[in-house]
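*Asks:*
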Amino acid sequence: MGLKTEWVHYGEGQKRLGYFCVPEGVTKPLPAVLVLQEALGVDEHIEDVTRRFAQAGYAALAPDLYAPEGKRLPELTRARVAETMGFLGGAPRTVWRDAKARAEALSSRPEEEAKRIEASFVAMMAHVVNMDLLIPALLDATRWLREECPQTRGQKVGSVGYCMGGGLSGLLATHDPELAAAVIYYGRSPDPARAEAIRCPVFGFYGGDDEGVNATVPAFAEAMQKAGKRFEQQVYPGVQHAFFNDTRPSYDAGASRDAFSRTLDIFRAELT
Numbered sequence: 569m570g571l572k573t574e575w576v577h578y579g580e581g582q583k584r585l586g587y588f589c590v591p592e593g594v595t596k597p598l599p600a601v602l603v604l605q606e607a608l609g610v611d612e613h614i615e616d617v618t619r620r621f622a623q624a625g626y627a628a629l630a631p632d633l634y635a636p637e638g639k640r641l642p643e644l645t646r647a648r649v650a651e652t653m654g655f656l657g658g659a660p661r662t663v664w665r666d667a668k669a670r671a672e673a674l675s676s677r678p679e680e681e682a683k684r685i686e687a688s689f690v691a692m693m694a695h696v697v698n699m700d701l702l703i704p705a706l707l708d709a710t711r712w713l714r715e716e717c718p719q720t721r722g723q724k725v726g727s728v729g730y731c732m733g734g735g736l737s738g739l740l741a742t743h744d745p746e747l748a749a750a751v752i753y754y755g756r757s758p759d760p761a762r763a764e765a766i767r768c769p770v771f772g773f774y775g776g777d778d779e780g781v782n783a784t785v786p787a788f789a790e791a792m793q794k795a796g797k798r799f800e801q802q803v804y805p806g807v808q809h810a811f812f813n814d815t816r817p818s819y820d821a822g823a824s825r826d827a828f829s830r831t832l833d834i835f836r837a838e839l840t
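Numbering-wise (the numbering used here), the sequence shown opens with residue 569 and increments by one.
1. Does the count of Cβ pairs from the region 584-604 and the region 798-805 closer than 8 Å reach three?
2. Does the Cβ of residue 661 have 16 or more other Cβ atoms within 10 Å, making it buried, or fewer, making it exposed?
3. Quick one: what does DSSP say residue 727 is sitting in, helix, strand or coil?
4. Nearest CA to the CA of residue 646: which residue from 611, 766, 694 and 770?
5. Counting only the same chain and skipping the five closest in sequence on each side, list residues whose C-beta sits under 8 Å from that of residue 582.
6. If you compare alpha carbons, which of 710, 701 and 705 is closest to residue 628?
7. What is the residue span of the alpha helix (DSSP H) that residue 682 lies within?
8. Which residue comes first and which comes last in the beta strand (DSSP E) that contains residue 597?
9. Buried or exposed: where does residue 664 fall if 16 or more other Cβ atoms within 10 Å of its Cβ makes it buried?
10. On the premise that residue 731 lies in contact with residue 615, defined as a C-beta separation below 8 Å, what is that separation, rounded to the nearest angstrom?
11. In the DSSP assignment, find the unbroken beta strand (DSSP E) run with residue 801 in it and report its ends.
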């Protein structure tokens, strides 16, 4: 199947930016999948995932949440994020949460490089910690897909996200009453107190060894059950965080294959 892929501008003043994919030759509007980025941004991997959903017969949009005015923030360009991830990949895991450990690891780098990496890391983590601030951008995206985009106007919209984007997918469900389905891949669960606001089914896929993320699931699952809402989860024993990202050492082919197949089943049931 051929695909049409493009970067599109949307939202008020056309200031939002996203990577949009749709099957070629389609003459009727399609249901849409909102693909939500990891902390690494809309990179080649997220573009590839977006194309996978288009190849499955959906229109798919990956909003670039690091481009609030239609252009990447200088600290979060692809080159800067790649440089930062190169440092993080070779450093102890403690550098993610311990500023002193990070400073020590950066001390062996040239001063200007160390400053760039620290600034980019801080900018990335600011988005992870303050995800509520990204909700307006996501609501602009779902509104555009439902009301304005010719290839999706009038059709259902579901969301799927990975890591930070997984958390955003669940969070979006608490803010968008028209969302048809929310899929979380190893993202932190929404605040259990927000379960009452959710109007769509929520599905989660988790690595069994991802203790930090998994610790947020039980309270949310209980709140959803008490509220009479649908939440289903699949945990893969012995699998790490970010198991779906085939560009990282944590990738697990078996878990990814199963989770993607289940995700397509979810969207077929809830969006079509």
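Here a beta-carbon is modelled for each residue, glycine too, at the ideal position from N, C-alpha and C.
*Replies:* According to the structure shown:
1. no
2. exposed
3. strand
4. 611
5. 638
6. 710
7. 679-697
8. Careful: residue 597 lies outside any beta strand (DSSP E) and carries neither H nor E.
9. exposed
10. Not quite, the Cβ-Cβ distance comes to about 16 Å (not below 8 Å), so this is no contact.
11. 799-804
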